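The structure appears right after this line, and notes come after that.
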Amino acid sequence: MAAITIPAAEDIVGPTPGQRLRKRILGHRGVMIGAVILGFILLVALLAPLLAPHDPYAQSLGNRLVPPVWTDAGSWEHPLGTDGLGRDYLSRLMYGAQISLFIGFATALISGIIGTVMGVAAGYFGGRVDLVVTFLITCRLSMPVILVSLAVVAMLGNSLTIVVTVLGVLLWDRYAVVMRSATMQVRSLDYVAAASAAGCSTWRILVSEILPNVMNPLIVVATLEVAHAVLLEAALSFLGLGVQPPLPSWGLMISEGKDYLLFEAWLITIPGVCLFALLLAINLLGDGVRDVTAPENRS
Amino acid sequence: MLIYTAKRLIVALLVALTISLISFGLLFLSGDPATTIAGESADDAAIQAIRVQYGFDRPIHEQYFAWVGRALQGDFGTSFYFKVPVTHLIFERLPVTLGLGLSAILFAIILSIPLGVLAARYPNSMIDRLALTMSVMGQALPSFWFALLLIMVFSFMYPLLPPSGSESWVHFIMPTIVLGYYATPAIMRLTRTGMLEVLGADYIRTARAKGLKPRTVLFKHALRNAIIPVVSLSAVQLGFMLGGSIVVETIFALHGTGYLAWESIRRYDLPTVQAILLVFSLIYIVLTFLADLLNAWLDPRIRVG
Amino acid sequence: GKADDTLNIAWDVEVPNVNMYFDTSRNGVIIAHHVWDGLVWRDPASGEFKPLIASSWNIVDDKTIEVEIRKGVKFHNGATLTADDVVYTYNYLARPDNGILNRNYTSWIEKAEKVGDNKVRITAKSTNPLILLYMVEIGIYPQKYYEEVGPEGMGLKPVGTGPYKITSVDPGKRLEFEAFADYYDSPKGKAKIKKIVQRTIPEMNTQVVELASGRLDWIWRVAQDQADRLEKTGRVQVINANTMRVGYLHLNAVGGPEDSPLRKLKVRQAINHAINLEGIVKNLVRGSSQVIHSACYPEQFGCTDDVQKYPYDPAKAKQLLAEAGYPNGFTTAFYAYRDRAQNEAMMSDLAAVGIKAELRYGQYAATRDALRKGEVPIASLTWGSNSIPDVDAILPVFFGGLPDDMSKDEEVQGWLQAARSTLDQEKRKELYKKALQKIAAQAYWVPTWTYTTNYAISNDLDFKPTADEIPRFWTASWK
Amino acid sequence: MTATTTSAIPPVLETRDLHCTFQVRQGMFKPKKPLHAVNGVSLKVNKGDVLGLVGESGCGKSTFARILLGLQAPTSGDVRIDGQATTAFTRKQIARRIQPIFQDPYSSLNPRKTIGTIITLPLSVHGVGDPSEWRGKVERMMDLCGLPKRVYDSYPNQLSGGQRQRVAIARALVMQPEVVICDEPTSALDVSVQSQILNLLQDLRGELGLTYVLISHNLAVVEHMATSVAVMYLGRIVEQSDTDTLFRAPKHPYTEALLASVLTPEPGKGVPDAQLGATFPNPINPPSGCTFHTRCPKVMDVCRQVAPRPLSVDGSSVECHLHDAQRNAA
Amino acid sequence: MAALLEVENLRVDIPLAAGTLHAVRGISFQVERGETLCIVGESGCGKSLTSLSIMDLLPPKAIRSADKLAFDGIDLSRVGQSQMSDIRGDRMAMIFQEPMTSLNPAYTIGNQLEEALLRHRKVSRKEARDRAIHLLEKVGITAAASRLGQYPHQLSGGLRQRVMIAMALMCGPELILADEPTTALDVTIQAQILHLMIELQKEFGMGMILITHDLGIVARVADKVAVMYAGQIVESGTVNEVFENPMHPYTQGLLRCIPVPGKTQRGAHLGSIPGIVPSLIGDIQGCAFRNRCGYAFEDCTRVDVPLTEIAPGRGYRCLLSAEQCIENAKEVA
Ligand SMILES: Nc1ncnc2c1ncn2[C@@H]1O[C@H](COP(=O)(O)OP(=O)(O)OP(=O)(O)O)[C@@H](O)[C@H]1O
Ligand SMILES: Nc1ncnc2c1ncn2[C@@H]1O[C@H](COP(=O)(O)OP(=O)(O)OP(=O)(O)O)[C@@H](O)[C@H]1O
Ligand SMILES: [Mg+2]
Ligand SMILES: [Mg+2]
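Residue numbers (this note's numbering), protein chains in the order written: chain A, 450 to 748; chain B, 23 to 327; chain C, 31 to 509; chain D, 559 to 888; chain E, 241 to 573.
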């Protein structure tokens, strides 16, 4: 029976916040599963040029619709078979990971910047600024993203840049909402008053007092928005208004495989499962980060 | 109350105006709609005639004000494609979309609220884990893919359900599930966190200290308070479902507004697209307004200030 | 199904309007053939013109034709068709302010007059060799009813004289047809199946599922791959039929920036050589589709294969490119609106000789808008000639100086104009040949292949498709 | 308006007829109404003084403090530092002279910053001296406030409540301000820690020649620390005088009630009944006349109609009709 | 007759990720009818958990054990959930610290008051309502009948706390547990509420456990005092005994910390207890106060300190002798 040493008066009470966070992250099953899957997909995406067995764009019309290796007609030449133009499905899938991830992150970045600026400004300045931002949020929320992005893409033509821009310009609402309330909350705390009383400029307060303390919700939203963007791009591509072929985004692959749904189901199940796994991973990660950084878990 | 309603009305109007500007802005992007209206084999004269007939030769702001003026009287113009009044078209198809949306939100609520309550009542139990897994999976499932899988399995491999049409309620089963499951995780989580929070509240302890039965505590004291944010969320989700209906209605060939929107976009049927955008946003605004009223009614702190 | 003597059919696009003059879509044409009879009829099998509402006709001169109206023809609403209805219809179509969309069938009409109890004289604005063909497409409207209800009423409660009458219109969603009991003894023949129900099902997979489960009896435009698999199941019959639609790559020889590579003949020829059409047709398009070399459907009047051909030869293509000053190829936009796989295959062939094509996949209307602005270097398009078996339905549209003429070749324009203003069929053939040869020599187009359509129908159904992409359900019957 | 003697040197801090009104909404469906959080406060604080400010929750103490600090703009009236109106100052200039210590040591320190950075902040904002000297300065201040050097690189959540409050004090004092506004500096702390902080504040005052405005609802603390006391009720100062006078001879019935309610640890004395009504009036609809009349055990008719004016009675300033009456009688 | 409440060696353990938190470490006390026991101690020393464990309202993961936990002869550690909830609110009631959040915002005061009676007694709504009005008047709320229809947010803190008291009295309990009932209130209101509670307790002859960290309240309200530190009772006795002759160094320290108007010299240094409360996670040996204690010696680390009883109900938990303790107290005073 080890006697506790009762800490001396001025002893530091615990580990640093960073250490605690690390410990909680490592102990959180969802985060770990999500991180492993996402890490795997990221790795495959980055190393696609090295890993892909074939050129993802190389067609071989004589070799169309080869089924995957686990079916009777499959071969190791094309482990996941080929698509309607005889392109190697595995290679396309690997490059598709690049595209889908790029869209997710790029969109989340654009919308993140727009939404955070709006949300923080509304939360911090309140009053008219808040009124305007809230109004913009209401406007934005009242327009279905998918409808607007479909319409805009239909008018402008579909390409990677357009899709990323359109989604980026549309998906800022959640950032704005969350950042607004997080900022309001932080703003009312005494350390902001203290910084203000110390003579800090508004800019400095925003950057060094507010922003670091709204980072956690920001990261959570950003993660979930990556998933949202990936999903939306997939839906746009599915409806034929996403990235332009022959770029292999996963949504586009599902869309292309749609014509073969009934008889060559693997063409939609494989990219579908990949998309599902990616979204699952990001969501697990986002949820996990939310759990880990939730106030009740901090103390 | 009156002032409040009036204020909301003004905001709604402003939102509608903004949306109308945006949707009208699409006209700028679209180039010349006259060719579209004329169809594949129309000649130049026909196109020019249409241009004059629809007023596309006039300056854009003039067109906009003319459009707003008519829209205020409930006239959204004539569909380029169907050549019938857009208002007529939308109102004919709205019931399908609203019916689908309502059944989907009902499906989501019926599934997620009890699950959320149970998960909060027994945190970290099997049921909690199950609910959590379901919600994470649900968020990650692309609805178009899910819909195709459902069709593949339940209409083709085991032909139990019709894959298309809106003749009877059976036709709505798969669309309802596809549209509804996506709202389930959010509502379930909110119920769960709300319940967890409420169950940890001081007044729950007070209720228990009075010796009340656990059931009374759970349903009378806890759920009543936890449900309030769920109401708003459900309204918001119902609003989101209008967007989701585009994909679902297209796949299941339900002739609702969502499908109309999608087809109109593809056909450059701008009056229809504009009107649908506007109607969707108005519906959303009305829904959130109703949710606020319902909330106010549920929450005495708002009701009796 | 057979059991309730109802033919359930599905189309993937919504029918905008059943009023035939307000819908230029393919489905509109199909409906028109069922609901409205024209003055004459063209037998799809023999190509001969036969009397329909006109019991006989007489070509007075280059511009004038007189028709005798058949007696006892009834409209669906019970009224009897008279010469006045014919006059009314033609004059209505000739009015510039009528707002109709189908002007390319009708713009030739100058006027119609009643010249006897049952006799009507129709005058054209100018000499036109295709008047009879156009008259086939012009359905006769009941004067009294149409004046009463107007175009909108006609769109909701259509009244014609055809073998089927429409009993219910749910715009865009569902149409119900019923065999017209009082149909006259027409060469088209009486409808054999009592009812037709048309539904709009946008998703092809859904159509197939519905067909397989017996809730549909007839669908078409099934993708070749799916058609193959579907046939193998034995649950349905699959018919592959030719259509008059041809595909082509439009190469912008005159528009675009000054240094546009496509302005160079050698580049256009190189493109022609670069694409392995045979391979694509054999592996991808399949069915009875065939590769074409000139800018028309082979069986159209005036169409000839006797033009310069560009066999698949990537090496030659590269050489031509090098000669044109593009040894390393170039990058270009590539517009398309359908058949994504086929277009990707062509793009891949272009890439193989160094031409990097960036796909702009959009709506037909958008593509054509851009095209007309002269912005499009390469566009992959198709043309169905409005089912008219004469090159006049295709060549003047794209080479005759109309808005879609992007090559602006005055010589070709002249020949086409000349061909149009003569009724001498041999002379016309000669002129068209000249035009087609120049088009090929200049490589304004890459003519690609003819389109086929796959019909998938219930095993109970007896249905014969025709090449003009107009299914004639009144000839269909249950086995 | 105060009764304290006017000397040649202007008071270090002075407010004149300070008002602060918020527009607040009572329910979602109701229009906004004005709430007079601070309703005409005139006070003077001389150098070296400790002004104790007591009053019930919601009476406007913190709002008053925020105005003094320049964190909240008054609706009308002005604040003067050394005789100069603060409207002439920038926020930075005010910051050099007036610094706050807040009630809750948990929310007054940025959890993302180390203790060192937190205390250095004012130095870097004002660009005092050379950044290389900052660490030394900060460590000296930490030492003065009883914080070990080790915690320089720690984060707030690694410290105990008492230590955090010391950090807050060090931050407030590192720029050597003239006035420190302490808004309930110990009410979140346990008694055993409270006394440590109070002792520290006392020591620092002596050492650095500070002036305090000490807001507290704990009268024992105020009586222990303050040199003069102001009693606030519904946004107004109802009584002000030096500490001795106030505790010995309270003049306002509310002050009397407050004093009677202090529970000293003396067994056997029982709990007094202050005879006040149970409710603090709603500040949005304050009572007419004297705002205290609804709870006053000595209420008179005049109180319901006429708002009392501040009077100077025996060296105290008081707002109460009882004292008009005395005066009239005299 | 046995005491109303007898607690012997009550322990509450909370398993946490870092180890088991021994929040309450074997405390014993008794409460008689009509008697007030005050439990006083620093934040986190286990006061609330003690009261909650008597009511069986502990958080789900907390584990309670006791050698004896008897209410009016009923062994509370034996009774089942439903029997416990029959006793709770009926014979034994609790008033919580946070008047602002302890009432359900969704229901009227009347509803919440009546509910308590309807649960335990076979009475009509009307009777419940009458009782509610009666008690509201009793706790000094005017226009009681009209208050019944109001919602909690319409009442001020003081009124809510009165409602909480009335609610606790609905069934006429024999024992009242009040956990810091006045901490959130202003001084004037605090005095009123305490005054009220004492009167009601006398009137109904209830036993009362009052938990507080304010020595002032203890001195004015208590019959008996238990001073808690780190989950243990370090000193107990009647109020006079404890305040006049504090034995334990911690009690002595506490009394020196607070300025007493008129007694403490203004501006002078206050006494203080250096350091902070130790963490109670893991196994604990020796005196928990030793690191803050000016008199600590070697044994304090090694020996588990027993409660020394110097008279019935009067005890302290320190290794120093009673004489030594009294000596220390004088030395500083
Ligand atoms: N930003 C604000 N907007 C609206 N009302 C406010 C605002 N700040 C304070 N108030 C209101 O002003 C009044 C005075 O508040 P203040 O915080 O100054 O009181 P206080 O005396 O410090 O109370 P406490 O003792 O509870 O801290 C209160 O009724 C409060 O609700
Ligand atoms: N649900 C819980 N989970 C974990 N630890 C808890 C829980 N409830 C209480 N504790 C811990 O148990 C110890 C005793 O808590 P308790 O609430 O009894 O303290 P207290 O004396 O009432 O303090 P206060 O004066 O702050 O109310 C504290 O260290 C607290 O952190
Ligand atoms: Mg305050
Ligand atoms: Mg407690």
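Beta carbons: idealized from backbone N, C-alpha and C, even for Gly.
Computed from a prediction, not measured in an experiment: that's the story for all the values here.
One alpha carbon belongs to E:T452, the other to D:N757, and they sit about 24 Å apart.
Listed in chain order, the positions of the segment 759-776 of chain D with a beta carbon within less than 7 Å of a beta carbon of chain E are Q760, H775.
By the Cβ neighbour-count rule, D:R867 is exposed, with fewer than 16 other Cβ atoms within 10 Å of its own.
Relative to ligand 2, even the nearest heavy atom lies 7 Å or more away from the CB of E:G266. Neighbourhood of E:A459 in chain D, by CB distance below 9 Å: L821, T822, P823, E824, P825, G826, K827, in chain order.
Residue burial is scored here from C-beta neighbours: B:Y144 has fewer than 16 other C-beta atoms within 10 angstroms and is therefore classed as exposed. Counting along the chain, no beta strand (DSSP E) covers C:I500, and no H or E run does either.
Ligand 4 has no heavy atom closer than 7 Å to the beta-carbon of E:E439. Interface criterion not met: the Cβ of B:Q259 is under 8 Å from no Cβ in chain A. These are the residues, in chain order, with a beta carbon less than 5 Å from any non-hydrogen atom of ligand 2: E:I254, E:A263, E:S283, E:G284, E:C285, E:G286, E:K287, E:S288, E:L289, E:P299.
Close to E:E338, with beta-carbon spacing below 7 Å, are these residues of chain B in chain order: D224. Bounds of the beta strand (DSSP E) holding D:Q798 are 794-800. Cα atoms of E:T504 and D:E781: separation of roughly 10 Å, rounded to the nearest angstrom. With 5 Å as the limit, the residues whose C-beta approaches a heavy atom of ligand 1 more closely than that are D:F580, D:V582, D:A595, D:S615, D:G616, D:C617, D:G618, D:K619, D:S620, D:T621, D:P841, in chain order. Annotation for E:Q337 indicates a beta carbon within 7 Å of some heavy atom of ligand 4. By the CB criterion at 8 Å, C:V321 and C:Q372 fall outside the cutoff.
E:K287 counts as buried, since no fewer than 16 other beta carbons sit within 10 angstroms of its beta carbon. The DSSP-derived three-state label of A:A494 is helix. Annotated as distal: B:L260 and A:P593, with beta-carbon spacing of 8 Å or more.
Within the chosen limit of 7 Å, ligand 4 does not reach the beta carbon of E:D296 with any heavy atom. As the crow flies, the alpha-carbon of A:S704 is around 12 Å from that of A:Q693. C:S410 is a Cβ neighbour of C:Y365, given a cutoff of 8 Å. At a cut-off of 8 Å between beta carbons, B:Y103 contacts chain C. In the three-state reduction of the DSSP assignment, C:N373 falls in the helix class. Just so you know, the alpha carbons of D:L766 and E:L510 end up roughly 20 Å apart. From the listed residues A:C649, A:I668, A:A644, the smallest Cα separation to A:A631 is found for A:I668. Using a Cβ-Cβ cut-off of 7 Å, C:S318 is close to nothing in chain B; its nearest Cβ partner there is about 24 Å away. When D:S745, D:Q716, D:V709, D:N715 are compared, the shortest CA-CA separation from D:A728 is found for D:V709. In this structure E:A431 touches D:S819 by the C-beta definition: roughly 4 Å separates them, less than 8 Å. Interface criterion met: the Cβ of C:R245 is under 8 Å from a Cβ in chain B.
Membership of E:V403 in the alpha helix (DSSP H) is indicated by the continuous run 397-409. Within chain B, the residues whose beta carbon sits less than 9 Å from that of C:F52 are K105, listed in sequence order.
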